[in-house]
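Take 87 as the starting number for the sequence shown in our numbering and just add one per residue.
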Amino acid sequence: MTPKRFTIMVIPEGSHRVRRFVLKRSSVKRLVALSVVLLLAVVGLGADYLRTQFDRQELARLQQENTLQRDQLQRLAVSLEDVRKEIVILAQNDAKVRVMANLAKPKSDSLVGIGGPAEDDASRGFSEVQRRIDEVRRQIDLRRESQEEIQGILNDQRSLLAAKPTGWPTKGWMTSNFGLRRDPFNKQRKMHEGLDIAARTGTPVTATADGIVSSVRTAPGYGKMVVIDHGYGYRTYYGHNSKNFVKVGQRVKRGDRIAAVGNTGRSTGSHVHYEIRLNGVPVNPKKYL
Ligand SMILES: [Zn+2]
87 MTPKRFTIMV IPEGSHRVRR FVLKRSSVKR LVALSVVLLL AVVGLGADYL
137 RTQFDRQELA RLQQENTLQR DQLQRLAVSL EDVRKEIVIL AQNDAKVRVM
187 ANLAKPKSDS LVGIGGPAED DASRGFSEVQ RRIDEVRRQI DLRRESQEEI
237 QGILNDQRSL LAAKPTGWPT KGWMTSNFGL RRDPFNKQRK MHEGLDIAAR
287 TGTPVTATAD GIVSSVRTAP GYGKMVVIDH GYGYRTYYGH NSKNFVKVGQ
337 RVKRGDRIAA VGNTGRSTGS HVHYEIRLNG VPVNPKKYL
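Next up, the structure:
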């Protein structure tokens with residue numbers, strides 16, 4: 087049996103009166119419960135305090151990190167801006183070269199769309215840098231396409247230049263022009279489809295442009311002849327040779343010796359009959375000398 091009441095005695099030193107408190111059992115229980123609640127509250131508050139302290143440190147660390155990253159992003163934006171400026175210069179040079187090559191402006195080439203001063207607004211920061219990187223990449227692609235186009239044009243021009251008959255096929259003097267003339271044999275008026283260039287027998291006959299030998303034969307009107315295909319619709323004919331030095335399919339360069347001047351076929355003296363055909367039609371070689 088637990089007692090119904092408790093007595094707490096306070097005994098002071100000296101001759102003071104002894105105090106006594108009589109407590110009921112229910113009061114003691116309540117007192118104990120209250121103490122437990124208070125203890126729990128203190129423990130809880132303490133834990134909360136520690137957590138707050140920890141959070142504060144973490145926040146400071148994150149803020150520092152954030153500042154650092156913002157600085158890095160800023161530096162990145164600045165160097166990206168430098169890259170963009172160089173691309174602008176490249177684009178300007180490209181435009182000049184395109185003008186020289188008689189090319190149109192490359193499509194969708196808008197340089198105004200990118201750039202501007204580097205933003206330090208952190209909220210835009212990252213996506214803005216990403217956008218600029220994409221833009222720079224697009225510009226690089228445009229430049230590459232343009233360069234390839236220019237290179238193609240220049241290659242075409244160079245091979246066209248190499249393929250176009252130019253200059254004299256031999257060292258001599260012109261004895262008969264391109265056009266209608268009286269045939270030296272039957273005196274009839276007839277189209278003369280080339281130039282006659284007189285030279286001593288054995289004088290070298292040279293190719294007037296790069297090409298491939300397409301025919302080496304003897305024909306009544308031409309004697310011993312060489313035909314060279316230059317591409318781009320150009321063919322050159324060299325007739326009345328004393329000797330041919332090339333074979334069909336042989337690649338020749340402008341200035342290569344292909345034959346020797348002679349008097350073979352229907353000819354009235356030692357000369358080269360030089361003919362240029364453009365898409366099969368004889369043209370006046372005088373314009374190509
Ligand atoms: Zn002729």
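C-beta: ideal position from N, C-alpha, C; glycine also.
What does residue 94 pair with, by DSSP beta-bridge criteria?
107
With DSSP collapsed to three states, give me the class of residue 273.
coil
Which residue from 121, 217, 329 and 367 puts its Cα closest to that of residue 288?
For the options 121, 217, 329 and 367, the alpha carbon positioned closest to that of residue 288 is the one of 329.
To which residues of the same chain is residue 353 closer than 7 Å at the C-beta, ignoring the five residues directly before and after it?
309 and 326
Tell me which same chain residues have a C-beta within less than 7 Å of the C-beta of residue 332, skipping the five on either side of it?
The beta carbon of residue 332 lies closer than 7 Å to those of 299, 302, 312, 338 and 344 in the same chain, with the five residues before and after it left out.
Can you check DSSP and say which residues form a bridge with residue 181?
Residue 181 is not bridged to any residue.
Bridge partners - residue 322, DSSP secondary structure assignment:
According to DSSP, which records beta bridges pairwise, residue 322 is partnered with 314 and 362.
Is the closest heavy atom of ligand 1 to the C-beta of residue 282 under 7 Å?
yes
Straight-line gap, residue 139 to residue 115 (C-alpha atoms, nearest Å):
37 Å
How would you write the range of the beta strand (DSSP E) that residue 301 sits in, first residue to last?
297 to 305
Distance check for residue 210 and residue 203, CA to CA, integer angstroms please.
Because the pLDDT of residue 203 is 49, which lies under 50, any placement of that residue in the model is unreliable, and the question is left without a value.
By the three-class DSSP mapping on this structure, what secondary structure does residue 329 have?
strand
Cα separation between residue 91 and residue 147?
59 Å
Hey, quick one: how far does the beta strand (DSSP E) through residue 282 stretch, first residue to last?
Counting along the chain, the beta strand (DSSP E) containing residue 282 begins and ends at 281 to 284.
Quick one: is residue 198 buried, meaning 16 or more other Cβ sit within 10 Å of its Cβ, or exposed?
Per-residue confidence for residue 198 stands at a pLDDT of 46, beneath the threshold of 50, marking its modelled position as unreliable; the derived number appears in the next sentence. Residue burial is scored here from C-beta neighbours: residue 198 has fewer than 16 other C-beta atoms within 10 angstroms and is therefore classed as exposed.
Comparing the CB of residue 328 with every heavy atom of ligand 1, is any distance shorter than 7 Å?
no
Would you check if the distance between the CB atom of residue 295 and the CB atom of residue 255 is smaller than 8 Å?
no
Does ligand 1 have even one heavy atom less than 7 Å from the beta-carbon of residue 262?
yes
Starting from the C-beta of residue 107, find all residues in its chain whose C-beta is less than 6 Å away, skip the five residues before and the five after it, and write them out in chain order.
94
Name the residue from 149, 275 and 316 whose alpha carbon lies nearest to the alpha carbon of residue 55.
Any property of residue 55 remains undetermined from this structure, which presents the chain solely from 87 to 375.
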